[in-house]
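J.: Protein chains in written order, with the working numbering: chain A, 8 to 349; chain B, 548 to 800. If you scroll down you'll find the structure; I have some questions about it.
The structure is reproduced here in structure tokens:
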């Protein structure tokens, strides 16, 4: 829509101004790692973060959320609960931005999810261009998520002393001009932006040995691949890989009642296909009892099933599942093994 | 007189009574517990000793012959027996003594009076009587106790997780202790504690027991790669789970 320039010194005043009217969430340090959390002080904001433990999906689909309240007795009552508030989400990397677009599709297809969609509708996203890989586990370039042309309200690129702010929506423009101090980009700024963008690509490496577009076809031939048993031997089934995944959206629903059992609340919590109970059904049968079958399911979801459902790969190459895995199961190695082994 | 509330009794065997203390503690935040149940016997909290009860919560492990008689008597009276805490559920730290000759252990504790105290290897109460439900932990989690009471009142299965502590730890977005160079039993230990120890930077010691289907070999691999000796690895596992490990080894032989 238009390109603006936001001086780095103007970021803190912008964040402070936004906080008056919005919940402002951005990356901040937690020990040696980073997390997306509400910004109480602009000094907490770390736009130079590498990656976060949980992806920003937690802002749109919280790990636990209340769905409804109910009362029992002669006249039972159910009242849906949609908890959303005006939010500005700062510093989203482009892999996570692609993941949010995927979640948007998932939660609006078949059964539109009022809880997610209302929160999404009230969220304004400031994404940021990655100029360096987060670490050796990033494979965004292989997954085509190294940059983004849409899905944001404002997209920042670090030009050194200032950020280029690509404004894509009216909401983004209103926010930036009302709460911040910006100027329109000059030809010199555009040249600088092009230089920065041109220089970043060689810093990232392709980590898949093949074109990711081949994944659905490759996986359709790999149901009986020996890789799954090997992964099953190593996997703890702790669910870390799916919990930190920006595109995993499965949840479990449960009720909490008061002590008198007269009223209660319905909640949902992130679930994981890696857990023993996930595929256990009434009667005790578990159709993915083996850890190997569950790891296969995860790889299939990321490289095939989600693609078949919505036309996009379910992996954005953020590398979080690799970092979170204590026995070091590596999805890139896995995909490459399937490619190499046929 | 019958007020329609289920009658509940608490009992203790070899334990520190910390789980019963947590039950008492839960009454501070959940006063309505007393509207829902009637406690008829609870040595740590009251003088009365009612023998007419439907639900028995038992803390502690079985370490003596005479414990068995008392456990059977409770089982005969109660409709529902709940193992309360790691000692009743697992044998817990009491079972550490099972790793040593009984004579040595008794001499160590009772000195020259060892002959007066006839104890045998510690076992979870489930090894002696049938147990309908358990609340894991050393000590138990207050909120989990309340959830289990509600489930018993509703007649549903108590919601004790089958998945490992890692799930709750990740949902809380804790920095993984393995990333800080620490050793943690979270990947093979039953969740439900809301990852309280790792949340404060302390490694999980497995007080809630192994998950039903743990990948022990993967855990041993990871611990070995972290530079631990077999003895050190075993000492991590045996802190709370000696009885289970010995049972497994006996089965394998």
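Note that beta-carbon positions come from the ideal geometry of N, C-alpha and C, so glycine has one too. As the structure is a computational prediction, the values presented were derived from the model and not from experiment.
(1) Can you name, in chain order, every residue of its own chain whose Cβ lies under 8 Å from the Cβ of residue 10/A, other than the five neighbours on each side?
(2) Between residue 681/B and chain C, is any beta-carbon pair separated by less than 8 Å?
(3) Are the Cβ atoms of residue 301/A and residue 252/A separated by less than 8 Å?
(4) List the residues of chain A whose Cβ lies closer than 9 Å to the Cβ of residue 725/B, in chain order.
(5) Hey, does residue 722/B have any beta-carbon neighbour from chain A nearer than 8 Å?
(6) Anything in the stretch 296–330 of chain A with a Cβ closer than 9 Å to a Cβ of chain B? List those residues in chain order, please.
(7) What first and last residue would you give for the beta strand (DSSP E) that runs through residue 276/A?
(8) In chain order, which continuous runs of the alpha helix (DSSP H) of length 4 or greater are located wholly inside the stretch 205–249 of chain A?
(9) Reducing DSSP to helix, strand and coil, say where residue 337/A ends up.
(10) Mapping the DSSP letters down to three states, classify residue 152/A as helix, strand or coil.
(11) Going along chain B in order, which residues have a C-beta closer than 8 Å to the C-beta of residue 277/A?
(12) Any beta-carbon of chain B closer than 8 Å to the one on residue 291/A?
(13) In the DSSP assignment, find the unbroken beta strand (DSSP E) run with residue 84/A in it and report its ends.
(14) Output, in sequence order along the chain, the residues in the stretch 703–718 of chain B whose CB is closer than 9 Å to any CB in chain A.
(15) For a contact defined as C-beta to C-beta under 8 Å, what are the partners of residue 765/B on chain A?
(16) In chain order, what residues of the same chain lie with their CB nearer than 6 Å to the CB of residue 254/A, ignoring the 5 residues before and after it?
(17) Taking the DSSP output, what are the residues bridged to residue 559/B?
(18) Expressed to the nearest angstrom, what Euclidean distance is found between the alpha-carbon atoms of residue 752/B and residue 574/B?
(19) Is residue 1/A helix, strand or coil when you go by DSSP?
(20) From residue 145/A to residue 324/A, what distance separates their C-alpha atoms?
(21) With residue 802/B as the anchor, note down where its alpha helix (DSSP H) starts and where it stops.
(22) What do you get for residue 663/B, buried or exposed, if any count of 16 or more other CB atoms within 10 angstroms of its CB means buried?
(23) Take every Cβ of the stretch 35–54 of chain A, pair it with every Cβ of the stretch 90–99 of chain A, and state whether three or more of those distances are shorter than 8 Å.
(24) In whole angstroms, what is the alpha-carbon distance linking residue 226/A and residue 150/A?
(25) At which residues does the alpha helix (DSSP H) containing residue 179/A begin and terminate?
(26) So, with DSSP's three-state summary, where would you put residue 191/A?
(27) Assuming residue 102/A contacts residue 152/A under a Cβ cut-off of 8 Å, what Cβ separation, rounded to an integer in Å, is found between them?
(28) Comparing alpha-carbon positions, which option in 265/A, 140/A and 259/A lies nearest residue 206/A?
(29) Residues in the stretch 628–639 of chain B with C-beta within 8 Å of chain A's C-beta atoms, listed in sequence order?
(30) Comparing C-alpha positions only, which one of 220/A, 249/A and 148/A sits nearest to residue 213/A?
(31) Mind listing which residues of the stretch 53–64 of chain A have their C-beta closer than 9 Å to chain B's C-betas, in chain order?
(32) Label residue 612/B either buried or exposed according to how many other C-beta atoms from any shown protein chain fall within 10 Å of its C-beta, with 16 as the threshold for buried.
(33) Nearest chain B C-beta to residue 101/A closer than 8 Å, yes or no?
(34) Shorter than 8 Å from the beta carbon of residue 36/A to some beta carbon of chain B?
(35) Do residue 222/A and residue 341/A count as a contact pair if the criterion is CB distance below 8 Å?
(36) Which term fits residue 281/A, buried or exposed, when burial requires 16 or more other beta carbons within 10 angstroms of its beta carbon?
T.: Put simply:
(1) Locating residue 10/A in the first chain gives position 3, counting from the first residue. Here the set comprises 171, 172, 173, 174, 191, 192, 196, 197 and 200.
(2) Any reference to chain C falls outside this structure, whose protein chains are A and B.
(3) Counted from its first residue, the first chain places residue 301/A at position 294. Counted from its first residue, the first chain places residue 252/A at position 245. Against a cut-off of 8 Å, the Cβ pair of residue 252/A and residue 301/A comes out as no contact.
(4) Mapped onto the second chain, residue 725/B falls at position 178. The CB of residue 725/B comes closer than 9 Å to the CB of 333 in chain A, given here in chain order.
(5) Numbered from its first residue, the second chain carries residue 722/B at position 175. It does: the Cβ of residue 722/B has a partner Cβ on chain A nearer than 8 Å.
(6) Against chain B - using a Cβ distance shorter than 9 Å - the residues of the stretch 296–330 of chain A are 296, 298 and 330.
(7) Start at 1 with the first residue of the first chain, and residue 276/A comes out as number 269. Counting along the chain, the beta strand (DSSP E) containing residue 276/A begins and ends at 270–277.
(8) 222–227 and 234–241
(9) For the purposes of this step, residue 337/A is identified with residue 330 of the first chain, where counting begins at 1. Coil, per DSSP.
(10) Looking up residue 152/A in the first chain gives position 145. Correct three-state label for residue 152/A: coil.
(11) Translated into positions along the first chain, residue 277/A becomes position 270. Within 8 Å of the CB of residue 277/A, the CB atoms of chain B belong to 718, in sequence order along the chain.
(12) As a first step, residue 291/A is located in the first chain; it is residue number 284 there, counting from the start. By this cut-off, residue 291/A is not an interface position.
(13) Along the first chain, read from residue 1 onward, the residue named residue 84/A stands at position 77. Where residue 84/A is concerned, the enclosing beta strand (DSSP E) stretches over 84–87.
(14) 706, 708, 709, 710, 711, 712, 713, 714, 716, 717 and 718
(15) Position 218 of the second chain holds residue 765/B. By Cβ distance, chain A contributes 240, 241, 242, 243 and 334.
(16) The residue given as residue 254/A occupies position 247 in the first chain. Hits under 6 Å: 106, 109 and 321.
(17) Looking up residue 559/B in the second chain gives position 12. Bridge partners of residue 559/B: 606/B.
(18) Position 205 of the second chain holds residue 752/B. Position 27 of the second chain holds residue 574/B. Computed Cα separation, rounded: 27 Å.
(19) The requested residue 1/A does not occur in the structure, where chain A is confined to residues 8 to 349.
(20) Mapped onto the first chain, residue 145/A falls at position 138. Mapped onto the first chain, residue 324/A falls at position 317. Each residue's alpha carbon lies about 6 Å from the other.
(21) The structure shown does not extend to residue 802/B, since chain B is modelled only from 548 to 800, so the question has no answer here.
(22) Counting from 1 along the second chain, the entry for residue 663/B is found at position 116. Counting Cβ neighbours within 10 Å, residue 663/B comes out exposed, since fewer than 16 surround it.
(23) yes
(24) Here residue 226/A is taken as the residue at index 219 of the first chain, counted from 1. Here residue 150/A is taken as the residue at index 143 of the first chain, counted from 1. The straight-line gap from Cα to Cα measures roughly 16 Å.
(25) In the first chain, residue 179/A corresponds to position 172, counting from 1. Taken as a continuous stretch (DSSP letters only), the alpha helix (DSSP H) holding residue 179/A covers 177–186.
(26) Against the first chain, residue 191/A aligns to sequence position 184. Residue 191/A falls in the strand class under three-state DSSP.
(27) As a working note, residue 102/A is residue 95 in the first chain. As a working note, residue 152/A is residue 145 in the first chain. That belief holds up - the Cβ atoms of residue 102/A and residue 152/A are roughly 4 Å apart, short of 8 Å.
(28) Here residue 206/A corresponds to residue number 199 of the first chain, with the count starting at 1. By alpha-carbon distance to residue 206/A, the top candidate from 265/A, 140/A and 259/A is 140/A.
(29) none
(30) Mapped onto the first chain, residue 213/A falls at position 206. Across the set 220/A, 249/A and 148/A, the C-alpha of 148/A shows the shortest separation from the C-alpha of residue 213/A.
(31) 59, 60 and 61
(32) Here residue 612/B refers to the residue found at position 65 of the second chain. Exposed is the call here.
(33) Here residue 101/A is taken as the residue at index 94 of the first chain, counted from 1. No - not a single Cβ of chain B is within 8 Å of the one on residue 101/A.
(34) Position 29 of the first chain, counted from the first residue, corresponds to residue 36/A. No, because no Cβ of chain B sits closer than 8 Å to the Cβ of residue 36/A.
(35) Here the question's residue 341/A lines up with position 334 in the first chain. Here the question's residue 222/A lines up with position 215 in the first chain. Cβ atoms of residue 341/A and residue 222/A: not closer than 8 Å.
(36) If you number the first chain from 1, residue 281/A lands on position 274. The residue in question, residue 281/A, is buried, as its Cβ has 16 or more Cβ neighbours within 10 Å.
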